[in-house]
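*Asks:* So for the sequence shown, this note's numbering puts the first residue at 61; every next one is plus one. Glycine is no exception: its CB is placed at the ideal position from the N, C-alpha and C atoms.
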Amino acid sequence: MMSHSKAVLTDEELKARYAWTLDRKIEESCCRIIDWHSRFGGRVSVSFSGGLDSTVLLDLVRNKCGYPDVPAVFSNTGLEFPENVHFVRSFSNVHEIRPKRGFRQVIETFGYPVVSKRVSQYVGEVQRAKGETATKRLRLTGVTSKGTTSRLGEIPDVWKPLIDCGFRVSDKCCDVLKKEPLSRAMKIFGPPFVGTRAEESMQRELSYKFHGCNAYHMKSPRSTPIAFWTGQDVRKYIERESLPYSPLYDMGYDRSGCMWCLLGAHHSDDNRFELLAKTHPRVYAFCRDRLGLFDVLDVVQRLWGERYRRRTKKVEPTVLPNPAPAGFSI
Numbered sequence: 061m062m063s064h065s066k067a068v069l070t071d072e073e074l075k076a077r078y079a080w081t082l083d084r085k086i087e088e089s090c091c092r093i094i095d096w097h098s099r100f101g102g103r104v105s106v107s108f109s110g111g112l113d114s115t116v117l118l119d120l121v122r123n124k125c126g127y128p129d130v131p132a133v134f135s136n137t138g139l140e141f142p143e144n145v146h147f148v149r150s151f152s153n154v155h156e157i158r159p160k161r162g163f164r165q166v167i168e169t170f171g172y173p174v175v176s177k178r179v180s181q182y183v184g185e186v187q188r189a190k191g192e193t194a195t196k197r198l199r200l201t202g203v204t205s206k207g208t209t210s211r212l213g214e215i216p217d218v219w220k221p222l223i224d225c226g227f228r229v230s231d232k233c234c235d236v237l238k239k240e241p242l243s244r245a246m247k248i249f250g251p252p253f254v255g256t257r258a259e260e261s262m263q264r265e266l267s268y269k270f271h272g273c274n275a276y277h278m279k280s281p282r283s284t285p286i287a288f289w290t291g292q293d294v295r296k297y298i299e300r301e302s303l304p305y306s307p308l309y310d311m312g313y314d315r316s317g318c319m320w321c322l323l324g325a326h327h328s329d330d331n332r333f334e335l336l337a338k339t340h341p342r343v344y345a346f347c348r349d350r351l352g353l354f355d356v357l358d359v360v361q362r363l364w365g366e367r368y369r370r371r372t373k374k375v376e377p378t379v380l381p382n383p384a385p386a387g388f389s390i
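#1: Excluding the 5 residues preceding and the 5 following Trp364 in the sequence, name in chain order all residues of the same chain whose CB lies nearer than 6 Å to its CB.
#2: Provide the residue span of the alpha helix (DSSP H) that contains Glu13, from first to last.
#3: Could you name each continuous beta strand (DSSP E) segment of 3 residues or more that falls completely within the region 290-373, going from the start of the chain to the end?
#4: Which residue or residues does DSSP assign as beta-bridge partners of Ala275?
#5: Using CA coordinates, which residue listed in Ser109, Pro251 and Tyr305 is at the minimum distance from Ser280?
#6: In its own chain, which residues sit with a C-beta less than 6 Å from the C-beta of Glu265, not counting the 5 before and 5 after it?
#7: To the nearest angstrom, how far is the alpha carbon of Val154 from that of Val148?
#8: Relative to the alpha-carbon of Ala132, which residue among Arg178, Asp83, Met246 and Glu214 has its alpha-carbon at the smallest distance?
#9: For Thr209, which residues does DSSP report across the bridge?
#10: So the alpha helix (DSSP H) Glu185 belongs to, where does it begin and stop?
#11: Please look up how many angstroms separate the CB atoms of Val218 and Leu200, rounded, as I've assumed it's under 8 Å.
#12: Within its chain, find whatever has a CB closer than 8 Å to the CB of Ile298; leave out the 5 residues flanking it on each side and keep chain order.
#13: Between Trp80 and Val68, what straight-line distance do the alpha-carbon atoms span, to the nearest angstrom?
#14: When DSSP labels each residue in this structure, what does Tyr268 get in the three-state scheme?
#15: Hey, could you find the ends of the beta strand (DSSP E) Ala132 is sitting in?
#16: Compare the C-alpha of Cys273 against each of Gly213, Trp96 and Val174 and name the closest.
#17: Let me make sure I understand the geometry here. Which of Gly138, Asp231, Ser105 and Arg197 has the alpha-carbon closest to that of Arg244?
#18: If contact is defined by three or more beta carbon pairs under 8 Å, each pair taking one atom from either stretch, is the region 302-317 in contact with the region 124-143?
#19: Between Pro159 and Ser230, is the Cβ-Cβ spacing less than 8 Å?
#20: Helix, strand or coil: which one does DSSP assign to Pro251?
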């Protein structure tokens, strides 16, 4: 839960940082990296997903700041694009960690992650509630235990029908497949540098405003040295430094996360599954026929309304993988 104490940064200050030149941002990021490295006596790590942001971060730590021996940690969820796994493994000193449970176990035990982590959490809490609890009232009405109103604590009206949608909803997927393994890795390799940026979500912006880049006092300390960078900065740095990057971005993808993540997939401008049908048809068919993902997505899209029309085409693979495409852990 985010603290309600005074933020470190104001909106104006964050806007000013976004406007810094790339050279200024590199300099400021390196200062944060050096401070973090010094604070923990060099026992730190880089959380490396193979995405553009973490590729830049790894270069900043190892090359710009001169810490070539800092280990990188790759959380292989079992749902990674094979091209991305190959790219990550091309780097030295990368430690690959895996979750204790697979995706199928997660959805069978907890439920499907849909819409957003916050909505998934709230809907799941109501589905699991036994009787009329304070949490259930908050999620349905926005009224807190103190009688005040919290708009952010309530499930948006458009998503309340998910409570009785016929399938369970949960935000535990990322916790089980990625966060828990990374937490284990932190104990081995030290507090991580993470390549998240404030502009990516409201939650990340709030976290940066309240904690700054180096969150020393969080329960799980982490450093986000490029939090004030923009996506354009990241791409400019990669081009300027001639860095290798994951081939996914030349295949039309703008993200390198889990192949069949449903979070945000309801938006009308999101074509991840349409693209997946073209680039990895066997995986697409597996998601549809074995995991039931598109039945879930259809419900979410129907609630979202006519602003989104499903554009994915049914792709019949020559051979249906059994039980899963090679290289994937479910």
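*Replies:* Short version:
#1: For this step, residue 364 is matched to residue 304 along the sequence shown. So the list reads His326, once near-sequence residues are dropped.
#2: A query on residue 13 cannot be resolved here, the shown segment of the chain reaching from 61 to 390 and no further.
#3: none
#4: Here residue 275 corresponds to residue number 215 of the sequence shown, with the count starting at 1. Bridge partners of Ala275: Arg282.
#5: Looking up residue 280 in the sequence shown gives position 220. The shortest C-alpha separation from Ser280 is found at Pro251.
#6: Against the sequence shown, residue 265 aligns to sequence position 205. Hits under 6 Å: Ala258.
#7: On the sequence shown, position 94 is the one that residue 154 refers to. On the sequence shown, position 88 is the one that residue 148 refers to. C-alpha separation (whole angstroms): 8 Å.
#8: Your numbering for residue 132 matches position 72 in the sequence shown. For Ala132, the nearest C-alpha among the options comes from Met246.
#9: Counting from 1 along the sequence shown, the entry for residue 209 is found at position 149. BP columns for Thr209 point to Val203.
#10: Taking the sequence shown and counting its residues from 1, the one referred to as residue 185 is at position 125. From DSSP, the alpha helix (DSSP H) with Glu185 extends over Lys177 to Arg188.
#11: For the purposes of this step, residue 218 is taken as residue 158 along the sequence shown, with counting starting at 1. For the purposes of this step, residue 200 is taken as residue 140 along the sequence shown, with counting starting at 1. The Cβ separation is near 14 Å, so there is no contact.
#12: The sequence position of residue 298 within the sequence shown is 238, counting from 1. Only Leu112, Thr115, Val116 and Tyr305 meet the Cβ criterion.
#13: Numbered from its first residue, the sequence shown carries residue 80 at position 20. Numbered from its first residue, the sequence shown carries residue 68 at position 8. Roughly 18 Å separates the two Cα atoms.
#14: If you number the sequence shown from 1, residue 268 lands on position 208. In this structure, Tyr268 counts as helix in the three-state DSSP scheme.
#15: Walking along the sequence shown from the start, residue 132 turns up at place 72. Taken as a continuous stretch (DSSP letters only), the beta strand (DSSP E) holding Ala132 covers Ala132 to Ser135.
#16: On the sequence shown, position 213 is the one that residue 273 refers to. The shortest C-alpha separation from Cys273 is found at Trp96.
#17: Taking the sequence shown and counting its residues from 1, one reaches residue 244 at position 184. With distances taken between Cα atoms, Arg244 lies closest to Ser105.
#18: yes
#19: Working through the sequence shown from its first residue, we reach residue 159 at position 99. Working through the sequence shown from its first residue, we reach residue 230 at position 170. Not a contact, by the Cβ cut-off of 8 Å.
#20: Within the sequence shown, residue 251 is the residue found at index 191, counting from 1. Coil at Pro251, not helix or strand.
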